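First up is the structure itself, then whatever we jot down about it.
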Amino acid sequence: MFDRTPQPVVANLLGIEAPFAGIFKELVNLKSYSSFMIGSYLQQLVVLAYRSFHDSGETAYSPMLQGKDMTKPVHDVIKYIEDNWLRITELGAMAEELHYSYSYLSHQFSKEVGLTIQEYYNRKRFEQAVKLLREGRLTVTQIADQLRYQSIHSFSKAFRQHFGISPTEYQSIATSANQVQQNGESG
Numbered sequence: 001m002f003d004r005t006p007q008p009v010v011a012n013l014l015g016i017e018a019p020f021a022g023i024f025k026e027l028v029n030l031k032s033y034s035s036f037m038i039g040s041y042l043q044q045l046v047v048l049a050y051r052s053f054h055d056s057g058e059t060a061y062s063p064m065l066q067g068k069d070m071t072k073p074v075h076d077v078i079k080y081i082e083d084n085w086l087r088i089t090e091l092g093a094m095a096e097e098l099h100y101s102y103s104y105l106s107h108q109f110s111k112e113v114g115l116t117i118q119e120y121y122n123r124k125r126f127e128q129a130v131k132l133l134r135e136g137r138l139t140v141t142q143i144a145d146q147l148r149y150q151s152i153h154s155f156s157k158a159f160r161q162h163f164g165i166s167p168t169e170y171q172s173i174a175t176s177a178n179q180v181q182q183n184g185e186s187g
């Protein structure tokens, strides 16, 4: 992964110190499942390090990010995606419903938000995917279907590209962490 990085050093914009602190906390106070937690923190370190190099040019969305209000078209797109993201099948149809051309919306959105409409929409889907995977009530196939991916393979590929691990691996880690937390609270 790191062989393709153009810069050997980047700023810590992702809070990579938290997994380091977690590892040291576990090492100082060993308990049951400490080895699992240390392994989980190590995976987080690898993924965060990779993202620091790979995603260093991306801008996270925040309405106040640029210190100014959004234009109406960009606000309309965000509100539309927030309200309808589960039923969106094609982003071009959204532009028609909002009475704008998709190319105009796309240009304005990228300029103001720093993400494409597709990237923003995908982030919403990933947020929901993470929530559903953590809950553990649905299978990965059911989650892919609910999030309107064409197949489990396209969902898994997109998830792996975004998070660095497969949705199945993520669900396994989240489920184990939930069990450890519940055991710790009850014990």
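So for the sequence shown, UniProt numbering puts the first residue at 1; every next one is plus one. Glycine included, C-beta positions come from ideal geometry on N, C-alpha and C. All figures in this text were calculated on a predicted structure; none of them were measured in a lab.
**Prompt:** Is there contact here, the region 72-83 with the region 92-100, by at least three beta-carbon pairs under 8 angstroms?
**Reply:** yes
**Request:** Between the Cα of W85 and those of F109, A49, R123, spot the shortest distance and give me the residue it belongs to.
**Result:** Here residue 85 refers to the residue found at position 85 of the sequence shown. For W85, the nearest C-alpha among the options comes from R123.
**Message:** Suppose the cutoff is 6 angstroms on Cβ atoms and the five residues either side in sequence are ignored; what does the same chain contact list for Y170 look like?
**Reply:** Counting from one through the sequence shown, the residue named residue 170 turns up at place 170. Result list for Y170: L133, in chain order.
**Request:** Give me the Cα-Cα distance between T141 and S156, rounded to the nearest whole angstrom.
**Result:** Working through the sequence shown from its first residue, we reach residue 141 at position 141. Working through the sequence shown from its first residue, we reach residue 156 at position 156. Distance between the alpha carbons of T141 and S156: 9 angstroms.
**8 angstroms contact criterion, which Q43 and I165 should meet: CB distance rounded** = Numbered from its first residue, the sequence shown carries residue 43 at position 43. Numbered from its first residue, the sequence shown carries residue 165 at position 165. With a Cβ gap of about 7 angstroms, Q43 and I165 count as contacting.
**Request:** Could you name the residues of the same chain whose beta carbon sits closer than 6 angstroms to that of V47, not counting the 5 residues immediately before and after it, in chain order?
**Result:** Numbered from its first residue, the sequence shown carries residue 47 at position 47. So the qualifying residues of the chain are G164.
**Request:** Could you have a look at R134 and say whether DSSP puts it in helix, strand or coil?
**Result:** Position 134 of the sequence shown, counted from the start, is the residue given in the question as residue 134. Residue state, collapsed to three classes: helix.
**Asked** Alpha carbon to alpha carbon, what distance is there between E90 and Y50?
**Response** Looking up residue 50 in the sequence shown gives position 50. Looking up residue 90 in the sequence shown gives position 90. Rounded to whole angstroms, Y50 to E90 spans 31 angstroms at the Cα level.
**Prompt:** Does the Cβ of V113 have 16 or more other Cβ atoms within 10 Å, making it buried, or fewer, making it exposed?
**Reply:** For the purposes of this step, residue 113 is identified with residue 113 of the sequence shown, where counting begins at 1. Answer is buried; the Cβ neighbour count reaches 16.
**Message:** Judging by CA-CA distance, which residue of R125, Q146, A174 is the nearest neighbour of H162?
**Reply:** The count along the sequence shown starts at 1 and reaches residue 162 at position 162. Nearest of R125, Q146, A174 to H162, Cα basis: R125.
**Request:** Output the residue ranges of the alpha helix (DSSP H) runs that lie fully inside the UniProt domain "HTH araC/xylS-type" (75-173) and measure 4 residues or longer, sorted by chain position.
**Result:** 91-98, 102-113, 117-135, 140-146, 152-163
**Asked** Do you know how far the Cα of K131 is from the Cα of K31?
**Response** Here residue 31 refers to the residue found at position 31 of the sequence shown. Here residue 131 refers to the residue found at position 131 of the sequence shown. Cα to Cα, the separation comes out at about 27 angstroms.
**Message:** For a test of the three-state rule: what should DSSP assign to K31, helix, strand or coil?
**Reply:** As a position in the sequence shown, residue 31 is number 31, starting the count at 1. Note: K31 maps to coil in three-state DSSP.
**Message:** Buried or exposed for L105, going by 16 or more other Cβ atoms inside 10 Å?
**Reply:** One-based indexing of the sequence shown puts residue 105 at position 105. L105 comes out buried.
**Prompt:** Does DSSP classify residue 188 as helix, strand or coil?
**Reply:** Residue 188 is absent from the structure shown; the chain starts at 1 and stops at 187.
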